[in-house]
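In mature numbering (1 follows the signal peptide of the UniProt record, and there is no 0), the protein residues as written are -23 to -1, 1 to 414.
Taking it in order: structure first as C-alpha cells, then the write-up.
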Ligand SMILES: *[C@@H]1O[C@H](CO)[C@@H](O)[C@H](O)[C@H]1NC(C)=O
Ligand SMILES: *[C@@H]1O[C@H](CO)[C@@H](O)[C@H](O)[C@H]1NC(C)=O
Ligand SMILES: *[C@@H]1O[C@H](CO)[C@@H](O)[C@H](O)[C@H]1NC(C)=O
Ligand SMILES: *[C@@H]1O[C@H](CO)[C@@H](O)[C@H](O)[C@H]1NC(C)=O
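Okay, here's the thing in C-alpha cells:
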C-alpha cells in the first residue's frame, strides 16, 4: 500500500471539546465497566470491546500507557458506521496528528481513504510503530453502579487508529486499547462522552482460567465480592508527566503518554536498598529514567544496577532459604518447600517502593513478588532491564495483579490498594451478572 504523506500545518485553533458524540439515549451513566482476562501464553491482559455496525466483539490487548485504541483494519474490518477522520479536522487535531494520507491507491475501505488524518499506532509489546488512518466508529460498553454491570451505552464516534502490527500480541487480538495520557485514549473519550469524572481504575486478575479482572471508567464505588468497595481504601501518590515521549516512534516535542510515579527508594524488610538515586528521577531533557507502570510487560524490569542491588538485598533477607538454579528470565530462585505461605502469598521479605515521603509506600507482598516456575521452585519475579533503558523501573503486570489502581487524570494522582488478598478479595471478584431492571 503506497501512502503519500504530506505534513500539514495546523494554524486554526479549533475548539478543544469536539468530542465523541453521545448516543441518543437520555440515560447518562456515572461509570462504565469492562471485563479483562489474562491470556495464559502471552501473559497479556485482553479486553473485549463491542464495536462497529453491526456490533462485533473485538479483542484488544490492554495498554495502560498507550496513546489511543488501534485496530488492524486489514483483518476484515466491516462496518457501516466507520468514518475516516479528515485532515485538518478537529478530531485530527485532538489526535495530535502531524501528517495526512493524501492518497491511498486501492479501493476505499477502513484504513484506506484519501485525505485522511494519520497517526503512528505503536505495538508496545514488540515496540514497532507504523502509520495508520484515524477513524471513528460506534463503541458499545456496559454502564455500572460500581457493583454490577447495568445497561449498555454507546459512543457513536469513538476516535481510534486503523493500522498497526499484530505481531507478538495474544492470539485472536485485533489491536491494542490505549489508556494513556492523551485526549483520545479510551478513558479520556469515555469521560468526555458521558461527562463523568476523568478517572479510571484497573484491577488485573492473576488467574488465566475463566476468571475476569475488571476496568472501571469513572469514579467509584468499585465493589468486589463480598461487597468490598475498594475505592474507599486507596493510598495516593502524584502521577508524574514525562515531558519527553517514551514511544518508539514520535514527533519531537510530544510528551509521554505513560504514567510515571515518583519512586524515591526501595526497601526490603524495611532496609533501604543501595541505589543510584539519579536513575530514579526523570531527566528533564532526555526523558530517561524514572518509574512507570505498564500492562504490556509481564514482570517488572529494572535497570541493571537497580536489579542487581534489589536481588542481592532480597537474597540476603531470605538467606535461610536454599537458593536453586535460576530459571530464565529470573535471576533469584529458591526451593519453595522451605517457604511458608500467608494470606498475601509466599512468606518472603516484603518489598516497599517508597514514594513521595517515607510514610507513603507501595508494598509488594509474596503473591506479587514470587513466581512459581516449578512445583518446588519460586523465583523473584523481576527481570534485568539492561544497562541503559529508557525508563529505569517499569512496573509490570505480575506486580499489578490483584491490586486496584485508580488513575485520576484531572488531579494527576494515582490511588493504589496494595494487595486485595489482605481484604480477602481479588480482582476476579467483580460481579459481572447484570442487574439491569
Ligand atoms: C484517491 O484518489 C486517487 C486519485 O484521485 C484515486 O485514483 C484513488 O482511487 C483514490 N483512493 C481512494 C481510496 O479513494
Ligand atoms: C548514576 O546514574 C547516572 C545516570 O545514569 C550516571 O550518570 C552516574 O554515573 C551514576 N553514578 C554512579 C555512582 O554510578
Ligand atoms: C527442595 O527441597 C526438597 C526437600 O529438601 C528436595 O527434596 C528438593 O529436591 C529440593 N528442590 C530443588 C529444586 O532443589
Ligand atoms: C451478583 O449480582 C446478581 C445481580 O444483582 C445477584 O443476583 C447475585 O446474588 C450476585 N452474586 C453474588 C455472589 O453476590
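A virtual CB, placed ideally from N, CA and C, is assigned to each residue, including glycine.
Note that the coordinates shown come from a computational prediction; the quantities given were computed from them, not determined experimentally.
Going straight from the alpha carbon of residue i to that of residue j, what length do you get?
i           : j           : result
residue 270 : residue 107 : 23 Å
residue 348 : residue 285 : 18 Å
residue 408 : residue 25  : 17 Å
residue 39  : residue 208 : 21 Å
residue 83  : residue 54  : 15 Å
residue 196 : residue 404 : 17 Å
residue 410 : residue 187 : 15 Å
residue 89  : residue 21  : 29 Å
residue 240 : residue 145 : 30 Å
residue 60  : residue 28  : 13 Å
residue 98  : residue 280 : 26 Å
residue 79  : residue 143 : 25 Å
residue 16  : residue 401 : 24 Å
residue 296 : residue 282 : 21 Å
residue 205 : residue 398 : 12 Å
residue -2  : residue 194 : Caution applies to residue -2, whose pLDDT of 48 falls short of 50 and renders its modelled position unreliable; the value that the coordinates give is listed next. Whole-angstrom Cα-Cα distance: 16 Å.
residue 41  : residue 223 : 13 Å
residue 273 : residue 377 : 11 Å
residue 57  : residue 87  : 10 Å
residue 228 : residue 365 : 22 Å
residue 248 : residue 152 : 42 Å
residue 319 : residue 221 : 42 Å
Flag this pair as yes or no: are the beta carbons of residue i and residue j separated by less than 8 Å?
i           : j           : result
residue 380 : residue 394 : yes
residue 124 : residue 226 : no
residue 383 : residue 373 : no
residue 36  : residue 150 : yes
residue 446 : residue 243 : Examination of residue 446 is not possible in this model, given that the chain is present from -23 through 414 alone.
residue 175 : residue 387 : yes
residue 371 : residue 277 : yes
residue 92  : residue 69  : no
residue 64  : residue 94  : yes
residue 266 : residue 101 : no
residue 315 : residue 298 : yes
residue 250 : residue 359 : no
residue 161 : residue 216 : no
residue 375 : residue 306 : no
residue 337 : residue 212 : yes
residue 332 : residue 214 : yes
Under 6 Å Cβ to Cβ from residue i, same chain only, skipping five residues before and after it: list those, please.
i           : result
residue 159 : 44, 234
residue 219 : 233, 237, 259, 264
residue 6   : 120, 130, 171
residue 340 : 327, 329, 395
residue 4   : none
residue 412 : 125
Identify, in the order they occur along the chain, each residue of the same chain with its Cβ nearer than 7 Å to the Cβ of residue i, setting aside the five sequence neighbours on each side.
i           : result
residue 163 : 46, 154, 155, 156
residue 396 : 321, 342, 344, 345, 379, 380
residue 119 : 9, 10, 126, 127, 129
residue 1   : Per-residue confidence for residue 1 stands at a pLDDT of 49, beneath the threshold of 50, marking its modelled position as unreliable; no derived number is given.
residue 189 : 12, 13, 14, 182, 405, 409
Here's a check: name, in chain order, each residue in its chain whose Cβ is nearer than 8 Å to the Cβ of residue i, leaving out the five neighbours to either side.
i           : result
residue -4  : With a pLDDT of 47 at residue -4, under the threshold of 50, the modelled position of this residue cannot be trusted; read the value that follows with caution. Counting only Cβ-Cβ distances below 8 Å, and skipping sequence neighbours, we find 113, 132, 133, 134, 135, 136, 166, 169, 170.
residue 304 : 310, 350, 351, 354, 356
residue 104 : 225
residue 293 : none
residue 245 : 287, 290, 291, 294, 326, 327, 328, 329
residue 147 : 16, 18, 19, 21, 23, 36, 38
Step through the CB atoms of chain C and report whether any lies within less than 8 Å of the CB of residue i.
i           : result
residue 328 : No chain C is part of this structure, which consists of one protein chain only.
(message) Under 8 Å, with one C-beta from each stretch per pair, do the stretch 252 to 262 and the stretch 316 to 330 reach the 3-pair mark?
(response) no
(request) Let me have the residue list for ligand 3: C-beta closer than 6 Å to any non-hydrogen atom, ordered along the chain. (result) 301, 312, 314, 353, 354
(message) Assess contact between the stretch 110 to 121 and the stretch 137 to 144, defined as three or more Cβ pairs (one per stretch) separated by less than 8 Å. Is contact present?
(response) yes
(request) Would you check if the stretch 118 to 132 and the stretch 178 to 188 touch, i.e. whether three or more CB-CB distances between them fall below 8 Å? (result) no
(request) Considering only heavy atoms of ligand 2, list every residue whose Cβ is less than 6 Å from one of them, following chain order. (result) 253, 255, 256
(request) When you get a sec, list the residues whose CB is within less than 6 Å of any heavy atom of ligand 4, chain order please. (result) 125, 202, 408, 410, 412
(request) Any chance you could list the residues with Cβ under 7 Å from a heavy atom of ligand 1, keeping chain order? (result) 80, 81, 82, 83, 84, 85, 89, 90, 91
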